[in-house]
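S.K.:
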Amino acid sequence: MVPWGGVSCCLSAAALYLLGRSSGRDAEVLNSVTRVNQLKDLAQLLDTASKVLPLVVTISGRVGSDTPINCEYSGLRGVIVEETAEQHFLKHNDAGSWIQDSALMLSMCKEVPWYLDDGTGRTFVVGGRGATGLVLTVGSEVFEEAGRSFVRGTLDYLQGLKMLGVKRIERVLPVGTPLTVVGEAVKDDIGTVRIQRPHKGPFYISPKTIDQLIANLGRWARWYKYASMGFTTVGIYLLVKHTFHYVMERKRHWELRRRVLAAAAKRAGHEDEGSNATSENGVDNKKDLLMPDLCVICLEQEYNSVFVP
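Numbers -24 to -1, 1 to 285, taken from mature numbering (1 follows the signal peptide of the UniProt record, and there is no 0), label the letters of the sequence shown in order.
#1: So for Gly(-19), helix, strand or coil by DSSP?
#2: Measure the beta-carbon distance from Arg38 to Pro44 and round it to whole angstroms, keeping in mind my assumption that it falls under 8 Å.
#3: Would you tell me roughly how many angstroms separate the C-alpha atoms of Ser41 and Val57, rounded to the nearest one?
#4: Taking the C-alpha atoms as reference points, what is the distance between Phe220 and Leu214?
#5: So, at 6 Å on beta carbons, what are the nonlocal neighbours of Cys(-15) in its own chain, with the 5 sequence-adjacent residues on each side left out?
#6: Can you tell me where the alpha helix (DSSP H) holding Asp17 begins and where it ends?
#7: Across the segment 183 to 202 and the segment 137 to 149, are there enough close Cβ pairs to call them in contact, namely three or more that are closer than 8 Å?
#8: Mind checking which residues open and close the beta strand (DSSP E) that includes Gly40?
#9: Rounded to a whole number of angstroms, what is the C-alpha to C-alpha distance between Gly206 and Gln14?
#10: Going by DSSP, name the residue or residues bridged to Trp74.
#11: Secondary structure at Leu52, three-state DSSP: helix, strand or coil?
#12: Per DSSP, what kind of secondary structure is Leu140 in: helix, strand or coil?
#13: I need the DSSP call for Leu189, collapsed to helix, strand or coil.
#14: Indicate whether Gln63 and Ser78 have their beta-carbon atoms separated by less than 8 Å.
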């Protein structure tokens, strides 16, 4: 039987080890990126940088846009707006009771051209929706109750449903939010500097500073390392325990088999002696010839049970 407990622990340890190495590499990469203190220096830095290797930098500033989105429910102005709508209802189950459930009706995301501004210059950010660490603020959460139409309510009831209403949630990246962005700095055809996802490398958008990001990744790397060591210890213990029990069971099995073979050989020897005595004396002593089947444990009494491995 496969020791699935030990195998699972070892596989979990391997996965945690890989996660720890990945987090550690990300922390090292973030620690090696070029830090731009003022956005006005980024264009000059691009002109002097290597044209072969991508220039990965970290910049900080406040979110801005020339065409921000006006949120419908919260009234906020943002550059990335995510809207979701969930239909909430009661469902009649097989037990005859009503349970609450929901279904996603709408999920959409809008993004307009936006930039970071630190007072010395502007740098546009492209493809921010797919960046690591981006957290959108919940701008509004509205619940719209369902209408009380008699016909609609009757039809829903016949289908085993009771409509409660629609829950609408707006998540937004508001204008003026301070952010740190890590990505590849490039110039477009008209000379505008922008930050985008590098072909290979980190792309972060976070309200944390670059030092906080590095420290956070380092903590996760250490946590994954310690968890991996713990799972490895438990997994090895379970595998060794299973192997020990397996070896002892096989040893017991072979010992039992040896005793059975010894008992069979002893019985065969008694039968041969009885046969020789009968041929020599001409007397058929039934008590001596008919040896009982002996128990393989005590080798004295007749067996009364069977061991099935």
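Virtual Cβ for every residue (Gly too), placed ideally from N, Cα, C.
M.R.: Taking the definition as stated:
#1: Helix at Gly(-19).
#2: Taking C-beta atoms under 8 Å as the contact rule, Arg38 and Pro44 fail to qualify, at a distance of about 13 Å.
#3: Approximately 13 Å, taken between the alpha carbons.
#4: Cα-Cα distance, rounded: 10 Å.
#5: So the list reads Gly211, once near-sequence residues are dropped.
#6: For Asp17, there is no enclosing alpha helix (DSSP H), as DSSP gives it neither H nor E.
#7: No: fewer than three Cβ pairs fall under 8 Å.
#8: Run containing Gly40: Leu31 to Gly40, per the beta strand (DSSP E) assignment.
#9: Gln14 has its alpha-carbon roughly 45 Å from the corresponding atom of Gly206.
#10: For Trp74, which the question treats as bridged, DSSP gives the partners His68.
#11: Coil at Leu52, not helix or strand.
#12: Three-state DSSP puts Leu140 in a strand.
#13: Looking at Leu189 - three-state DSSP - the assignment turns out to be helix.
#14: Result yes, Cβ atoms of Gln63 and Ser78 sit closer than 8 Å.
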